[in-house]
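Step one of this worksheet: look at the structure below.
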Amino acid sequence: EKNLIVIIATHGDGDPPASAKNFVESLKNRTPHFENLNFAVLGLGDTSYPLFCKTGEDVDSLLNNLGGNRIIPLGKCDLDIDTVAIPWFQSLVTSFGQVSISNGQTQNVQSVAKPTSNKRIVYQGKVSANIVLNDIGASKSTRHIEIITPQAIEYEPGDSAGFFPKNTTQDVNQILSLLKLGKEDRIVFANETWMAEDLLKNKVSIRNLPARVIQKYGDLVGKTIDLKNVDLDVLLTDYPLNQNTPSEKVFEILEQMVPRYYSIASSPKSHGENEIHLTVAEVDIETKLGKKEGLCSGYLSAFDEGEAVSFYIQKNPNFRLPPPDAHLIMIGPGTGIAPFRSFLW
1 EKNLIVIIAT
11 HGDGDPPASA
21 KNFVESLKNR
31 TPHFENLNFA
41 VLGLGDTSYP
51 LFCKTGEDVD
61 SLLNNLGGNR
71 IIPLGKCDLD
81 IDTVAIPWFQ
91 SLVTSFGQVS
101 ISNGQTQNVQ
111 SVAKPTSNKR
121 IVYQGKVSAN
131 IVLNDIGASK
141 STRHIEIITP
151 QAIEYEPGDS
161 AGFFPKNTTQ
171 DVNQILSLLK
181 LGKEDRIVFA
191 NETWMAEDLL
201 KNKVSIRNLP
211 ARVIQKYGDL
221 VGKTIDLKNV
231 DLDVLLTDYP
241 LNQNTPSEKV
251 FEILEQMVPR
261 YYSIASSPKS
271 HGENEIHLTV
281 AEVDIETKLG
291 KKEGLCSGYL
301 SAFDEGEAVS
311 FYIQKNPNFR
321 LPPPDAHLIM
331 IGPGTGIAPF
341 RSFLW
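First residue of the sequence shown? That's 1 in my numbering, and the numbers climb one at a time after it.
Put into structure tokens, the structure is as follows:
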């Protein structure tokens with residue numbers, strides 16, 4: 001290849017995803033230098049992990065050390081991918097306008113292929129069952145939740161369902177009080193105007209804030225805050241805003257809520273194409289201001305039968321059953337039992 005664009009995530013302790021391991025190993029073991037290879041690398045990561053975009057950094061360095069010509073600098077995307085990815089792609093298109101796609105030689109390229117749309121399908125469903133699986137007196141609560149939809153759901157065992165949870169009314173009211181805002185006060189966030197209550201409930205992340213947000217809040221109040229992964233109400237309580245700082249400034253440093261993923265515990269072969277099942281462990285979190293339910297586990301567990309819920313499917317092609325004649329051992333230390341129920345069905 002003359003031109004190579006790599007978009008790669010980082011998993012675990014700075015490791016490449018399963019589907020990329022062979023690719024990364026091949027670069028590490030390669031000795032001949034590339035000739036006339038133009039490359040660009042976009043890393044996907046999460047700054048709440050210490051080795052942010054480590055695999056992207058590794059691939060960018062390996063290609064450079066093997067004689068490749070770096071077209072544009074390494075891009076490093078956090079959870080809010082578009083803020084880095086969109087300008088990175090714009091820069092990439094501009095740079096490739098000076099590089100021939102056919103022979104790697106510098107020349108003017110008049111036409112560049114437009115990216116295709118890859119929007120996810122959001123399913124509108126209703127909760128048809130929400131059952132506590134544990135016996136009376138159990139020390140934990142695990143729920144079996146069934147969701148039905150009018151349209152067929154495209155999924156396979158091993159896939160996950162993505163949900164956008166809502167912040168609790170209690171948390172929202174607490175933050176409105178601390179910020180001295182009314183529920184209907186208008187706030188601009190990401191170039192959109194919201195009522196304060198709706199913005200806090202549906203859009204912004206206010207739980208388990210990462211270090212980058214806490215640092216920005218420290219700059220806002222003029223203090224060094226040596227905390228990580230705390231909730232916004234704790235920050236506002238322990239480090240209140242200065243009297244001359246508008247409350248709206250807090251929203252400028254907050255980030256959008258990201259989806260939470262739950263392994264699907266059903267199978268279309270057994271349960272039909274119009275429903276999915278979840279196995280959800282309810283989580284309680286101790287905070288400085290009291291005990292709180294896990295954001296998404298609490299959101300899902302609170303649904304009554306008949307209530308509407310939206311979700312989408314996150315494919316996982318590397319998590320599938322082996323051939324029918326293979327022996328099978330199922331181990332789920334991180335995923336729990338949910339996907340293996342799906343495989344068994």
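Using N, Cα and C, we set each Cβ at its ideal position, and we do this for glycine too.
Would you call residue i buried or exposed, if buried means 16 or more other Cβ atoms sit within 10 Å of its Cβ?
{"i": "aspartate 233", "result": "buried"}
{"i": "alanine 338", "result": "buried"}
{"i": "arginine 120", "result": "exposed"}
{"i": "leucine 328", "result": "exposed"}
{"i": "proline 323", "result": "exposed"}
{"i": "serine 117", "result": "Reliability of the predicted coordinates at serine 117 is poor, the pLDDT of 49 falling under 50, and no value is obtained from them."}
{"i": "alanine 265", "result": "buried"}
Is it the case that the Cβ atoms of residue i and residue j are separated by a distance below 8 angstroms?
{"i": "arginine 143", "j": "valine 280", "result": "yes"}
{"i": "lysine 28", "j": "leucine 51", "result": "no"}
{"i": "isoleucine 276", "j": "valine 213", "result": "no"}
{"i": "glycine 68", "j": "phenylalanine 39", "result": "yes"}
{"i": "valine 127", "j": "glutamate 273", "result": "no"}
{"i": "glutamate 156", "j": "leucine 176", "result": "no"}
{"i": "isoleucine 145", "j": "leucine 278", "result": "yes"}
{"i": "asparagine 381", "j": "valine 221", "result": "Residue coverage of the chain in this structure runs from 1 to 345, which leaves residue 381 outside it and unanswerable."}
{"i": "proline 259", "j": "phenylalanine 343", "result": "no"}
{"i": "valine 250", "j": "leucine 179", "result": "yes"}
{"i": "isoleucine 147", "j": "isoleucine 313", "result": "no"}
{"i": "leucine 4", "j": "leucine 37", "result": "yes"}
From the DSSP output, in three-state form, read off residue i for me.
{"i": "leucine 321", "result": "coil"}
{"i": "phenylalanine 343", "result": "helix"}
{"i": "threonine 168", "result": "coil"}
{"i": "asparagine 208", "result": "coil"}
{"i": "glutamine 314", "result": "strand"}
{"i": "isoleucine 329", "result": "coil"}
{"i": "glutamate 1", "result": "coil"}
{"i": "lysine 126", "result": "strand"}
{"i": "glutamate 146", "result": "strand"}
{"i": "glutamine 243", "result": "coil"}
Using a Cβ-Cβ cutoff of less than 6 angstroms, which residues in the same chain neighbour residue i once the five nearest sequence positions on both sides are dropped?
{"i": "arginine 320", "result": "Gly158"}
{"i": "lysine 291", "result": "Asp284"}
{"i": "valine 109", "result": "Since pLDDT at valine 109 reaches only 43, below the 50 mark, its modelled position is unreliable, and the value read off the structure follows with that caveat. Gly97, listed in sequence order."}
{"i": "cysteine 53", "result": "Thr10, Gly43, Gly45 and Lys76"}
{"i": "threonine 55", "result": "Ile8, Thr10 and Pro16"}
{"i": "leucine 133", "result": "Thr142 and His144"}
Let me make sure I understand the geometry here. Which of the options has the alpha-carbon closest to that of residue i?
{"i": "leucine 236", "options": "Leu79, Ala265, Gly272 and Asp171", "result": "Asp171"}
{"i": "glutamate 282", "options": "Glu273, Leu295, Ile276 and Lys288", "result": "Leu295"}
{"i": "lysine 315", "options": "Ile145, Ala161 and Ile81", "result": "Ala161"}
{"i": "glutamine 124", "options": "Gln90, Gly332, Pro317 and Glu307", "result": "Glu307"}
{"i": "isoleucine 189", "options": "Ser266, Glu255, Ser48 and Asp231", "result": "One point to set straight first is that residue 189 is phenylalanine, not isoleucine, in the sequence displayed. Out of Ser266, Glu255, Ser48 and Asp231, Glu255 has the C-alpha closest to the C-alpha of phenylalanine 189."}
{"i": "asparagine 202", "options": "Asn173, Ile264, Met257 and Lys183", "result": "Met257"}
{"i": "serine 310", "options": "Asn134, Lys166 and Gly14", "result": "Lys166"}
{"i": "valine 41", "options": "Asp80, Gly218, Val59 and Met330", "result": "Val59"}
{"i": "serine 141", "options": "Gly332, Ser301 and Asn318", "result": "Ser301"}
{"i": "glutamate 248", "options": "Tyr261, Lys223, Ile264 and Tyr217", "result": "Tyr217"}
{"i": "proline 317", "options": "Ala20, Asn3 and Asp13", "result": "Ala20"}
{"i": "glycine 14", "options": "Arg341, Glu35, Leu181 and Thr47", "result": "Thr47"}
Given residue i, which residues of its chain have a CB within under 7 angstroms of its CB, disregarding the five upstream and five downstream residues?
{"i": "asparagine 208", "result": "Asn229 and Asp231"}
Quick one: is the Cβ of residue i within less than 7 angstroms of any heavy atom of the ligand GDP?
{"i": "isoleucine 72", "result": "Because no ligand of any kind appears in the structure shown, any question about the ligand GDP cannot be addressed here."}
Less than 8 angstroms between CB atoms is the rule here; does residue i satisfy it with respect to chain D?
{"i": "leucine 344", "result": "No chain D is present in this structure, which holds just one protein chain."}
CB-CB under 8 angstroms to residue i, same chain, minus the five flanking residues each way: which ones, in chain order?
{"i": "glutamate 184", "result": "Met195, Ala196 and Glu197"}
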